[in-house]
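The block underneath contains the structure these notes are about, expressed in structure tokens.
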Amino acid sequence: MTAMDAQTPAIEIDNLVRRYARTDAVNGLSLRVAPGRCYGFFGRNGAGKTTTIKCLLNLLRPSSGGVKVFGMDPRRHEVEVKSRLAYVPDAVAFYPWMTVRGTLDYFASFRRHWNTEMERALLDRFRLDPGQKASHLSKGQRTQLALITAICPEPELLILDEPTSGLDPIVRREFIQTVIGAYQEGDPGRRTVFVSTHLISEFEGLIDQFTIIEHGREVLSLEADAARERFQKIYARFAADPGAIDLPGARVLRQRGREYELMVNGNAEDVVARLEARSPEALTRESLSLEEIFVATLQPQAVSA
Amino acid sequence: MIEKEFRALLPVWAVCAVALLATALDLPMPIRIAAAGVYIPACATLGAYTFGHEYVHGTMPVLLAQPMARRRIFLVKLGVLALLLAALRALLFVVPFPEGHTALGSLIGPLPILSALFLAPWLTLVTRTPLAGAMFSMGLGGIVLVASEWLAVGGYGFTGVEDPFKIALIRWTMLALCAIGAVMGWRTFDRLETAGGGGGARWDASTRRDASLARATLVRRSPVWLLVGKELRLQQITFVVAAMFVGFYLYFALGHPPEVDRGDATAMIAAINIVVSSLIVGSLASAEERNLGTLDWQLLLPMSAARQWAVKVTVLVALTLFMTVVLPFVLVWLVPPGPVRLDRWSLVNPAKAAVVAMVCLTTSLYVSSLVSSGVRALITALPVLLAAITFTRLIGTPGQRGLEMFSALDLATRADVLVSVLGALLIGVLCLALGNHRTVDRSWRRVLAQAAAITAGLAVVVGTAQVLGLL
């Protein structure tokens, strides 16, 4: 990897707009994904995640704005871009006449590089029968096969659109922690994962950075660690009812007698200092999970104590 | 439920009705006959689409999960189908259809309806794809026709097309088949399983586990040949149509003694084959990949979409030319249909056949690039083709002399010029189809802009034909 490559973002979205008739599916979205990162792309159903991904993959043309993959326009440098990425869609399908083996051969024939050892290991791990017809695979098995076809070429960029929705919890955990983790660790600093998912908690340990979108617009973009630092839940218990406490910027999740439970967004130190001034019996603080941050961002009133 | 069934079948019915009504327009005779011939496939398509639309839209599991008895669902579906078929049958009274003039013609009205009601739904449920259901139900009718002819001629000798024994054999065999189809259709639906989610298993000649491919080692092949193989696999139904064409040809070529003129019949079969085969080939090409759900990742394989499209178009053109030009003439060469008078049907002249086939192929491929299943592409392509022909008839003035400056050119040179202009239009349409194939954008604005461009191109072709004096 050259110094130039190391500086070039794997994904660069600049003020992307994509309209369907009168609806703006994506409305002025901008983000940059540095190489080697695992980037979460979160949003509710219909927020514009899949549309953004399709624009990235040149399956949809932006109405305005631009997208670049590895610094290249995916439309002008179609083959160069496609050679360096792999994609797992939300709805996976294969040619019904092909077997698992035939499907893998088909994909491998288009690729310069194919890790056959990894293929064998993943087939064993997922217990996929190479002689099974693709049309007879279950939804989860099709997803597993799609993941193998995406990972074995060892692409620089893995784009996953709801990749684990059809997997059972055991395979899902194994896939996320072992397969995706091992994939990135195979060439750290170079292999990038861009994942759109609702199962945010499953990817908790892998996500380095994320963007939350709503109605096609960016609502929040943060490093995962910075987000955990910023969004915190604070619990305080006092010897006696402290009465009204002025806690600007904090949202009281629960107040029952002597107990307070609060959520803060970026002003934890100030809130903690104010609570400490009332000499609490107990004062704890913990970071919100990414899923809680997602809910707190899009629907603060839904965050439970 | 009833409203949903009407909404699902009405577009197909409307397309078929428009095609039938087109026979009343002032169109060239081969087009009018082709449009009249729509009646039989229209019935079969409606019958197949009754259950087929559930497979196309992936709604069969949801349908079966509804708190409604399967018997009731089955009866509602057949009831709506019967109403629409009756309405289609009623249209035959207002179009110049050849029904009723002959004993065989009297079967054309009711038998396709019975076949559509009982055979097509059953075969669609078995194959789980409406195109196969429609094709096999028509094929079954064709087999009965050919077998009855052979039995009649074998038993009593050739007595003309009005052979009462043959007519009775066709009628009763079809009725027996429809009765079997009714029973089996219900049994199949009653025991229907939809493992594997949305679309269920698709029709595939070899769906069992293939032990020969259960090897552990990777085998790399040429990506281009893999694409060629994939395109041919997508065209499975086309090969069924080819077999049907060969069967019908042999029926007409061998069924009658040599002294009977078979030229007209065989030429008509060949002409219908040109239109039907090329429409099917194009219709399946892009839309079926979308229907299978494989198009996105196929386009994302590291080969340019334009190159993939070039391989696709090359395979389709070769297959279409084989089906519409090579196959008919090999058949004529191997089994001459007696006193061949193919000149009566100028359409089956190899060069003209190739041009017509390419126009039909391009039209259906363009439509296929816009819709989500092969069946939809097929039932949309025909009216699009009829609309294009009607448009050329409206803006052109046949029989007029061309411009003086071109009169010095001989006919062949002027024809070459016209074919070149038409070829440029077809290439332009294929480029638009590539644009549609590679994107998920199906906005009306985009489609209307393309339609306007194609219409302008068509006007240029008609104008060229006019100034060359070839209209």
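Chains as they are written, first to last, in my numbering: chain A, 704 to 1008; chain B, 139 to 609.
For every residue, glycine included, the Cβ atom is placed at its ideal position computed from N, Cα and C.
Beta-carbon separation of T262(B) and F327(B) under 7 Å?
For T262(B) and F327(B), no; Cβs fall outside 7 Å.
Could you tell me the boundaries of the alpha helix (DSSP H) in which Q373(B) lies?
Per DSSP, Q373(B) belongs to no alpha helix (DSSP H) and is neither H nor E.
Around the Cβ of D808(A), are there at least 16 other Cβ atoms within 10 angstroms (buried) or fewer (exposed)?
buried
C741(A) lies in the alpha helix (DSSP H); which residues open and close that run?
No alpha helix (DSSP H) holds C741(A); the beta strand (DSSP E) holding it covers 741 to 746.
Of the residues that make up the segment 735 to 762 of chain A, which ones have a beta carbon closer than 8 Å to any beta carbon in chain B?
K757, L760, N761, L762
Taking the CB atoms as reference points, tell me whether R358(B) and A849(A) lie closer together than 7 Å.
no
Which residues bound the alpha helix (DSSP H) around K142(B)?
140 to 159
Interface residues of chain A around L221(B) at Cβ under 8 Å?
L221(B) does not reach chain A, its nearest Cβ partner there being about 34 Å away, counting only Cβ pairs nearer than 8 Å.
Could you compute how far the alpha carbon of L223(B) sits from the alpha carbon of F274(B)?
19 Å
Less than 7 Å between the beta carbons of L734(A) and I716(A), yes or no?
yes
Between the segment 574 to 586 of chain B and chain A, which residues of the former have CB atoms less than 7 Å from a CB of the latter, in chain order?
T577, V578, D579, S581
Determine the DSSP secondary structure at D727(A), reduced to helix, strand or coil.
strand
How is M198(B) classed by DSSP in three states: helix, strand or coil?
helix
If you measure between the beta carbons of F578(B) and L763(A), is that distance less than 7 Å?
One point to set straight first is that residue 578(B) is Val, not Phe, in the sequence displayed. In contact: V578(B) and L763(A) (Cβ atoms closer than 7 Å).
DSSP puts I916(A) in a beta bridge; with which residues?
G746(A), E921(A)
Residues of chain A with a CB under 8 Å from the CB of G190(B): which are they?
In chain order: nothing, as chain A lies at least about 16 Å away.
Contact criterion: CB-CB distance below 7 Å. Does R359(B) meet it with respect to chain A?
yes
According to DSSP, is L909(A) part of a helix, a strand, or is it coil?
Coil, per DSSP.
Is it buried or exposed, G420(B), if we count other Cβ atoms within 10 angstroms and call 16 or more buried?
buried
Per DSSP, T987(A) forms a beta bridge with which residues?
Y938(A)
So is A491(B) buried or exposed if we call it buried at 16+ other beta carbons inside 10 Å?
buried
List the endpoints of the continuous alpha helix (DSSP H) containing Q767(A).
Here residue 767(A) turns out to be Ser, not Gln, going by the sequence shown. Counting along the chain, no alpha helix (DSSP H) covers S767(A); the unbroken beta strand (DSSP E) around it starts and ends at 767 to 772.
Could you compute how far the alpha carbon of I916(A) sits from the alpha carbon of F744(A)?
I916(A) and F744(A): Cα-Cα distance of roughly 8 Å.
Can you tell me whether A929(A) is helix, strand or coil according to DSSP?
helix
Is it true that the CB of A789(A) sits closer than 7 Å to the CB of L861(A)?
Yes, these two residues count as a Cβ contact at 7 Å.
G185(B): buried (16+ other C-beta within 10 angstroms of its C-beta) or exposed?
The residue is buried, with at least 16 neighbouring Cβ atoms inside 10 Å.
Looking at chain A, is there any beta carbon in it that lies within less than 7 Å of the beta carbon of G271(B)?
no
Could you tell me whether the Cβ of V720(A) comes closer than 7 Å to any Cβ of chain B?
no
What distance in whole Å lies between the Cβ atoms of R721(A) and S766(A), which are believed to be in contact at a cut-off of 8 Å?
Taking the Cβ atoms as the reference, S766(A) lies roughly 5 Å from R721(A), within the contact range of under 8 Å.
Any idea which residues DSSP pairs S442(B) with across the strands?
Its beta-bridge partners do not exist; DSSP assigns none.
To which residues does DSSP link R957(A) through a beta bridge?
E964(A)
What is the DSSP secondary structure of W341(B), reduced to helix, strand or coil?
For W341(B), the predicted model reports a pLDDT of 46, less than 50, meaning its position is unreliable and no value from the coordinates is stated.
Alpha carbon to alpha carbon, how far is E932(A) from V772(A)?
30 Å
Does the distance from the CB of D729(A) to the CB of G919(A) come in under 7 Å?
The sequence given here places Val at residue 729(A); Asp does not occur at that position. Yes, they are a contact pair.
Suppose only complete runs of 4+ residues qualify. What are the alpha helix (DSSP H) ranges in the segment 448 to 507 of chain B, listed by chain order?
465 to 472, 488 to 506
So who's on the other strand from E715(A), going by DSSP bridges?
R735(A), K771(A)
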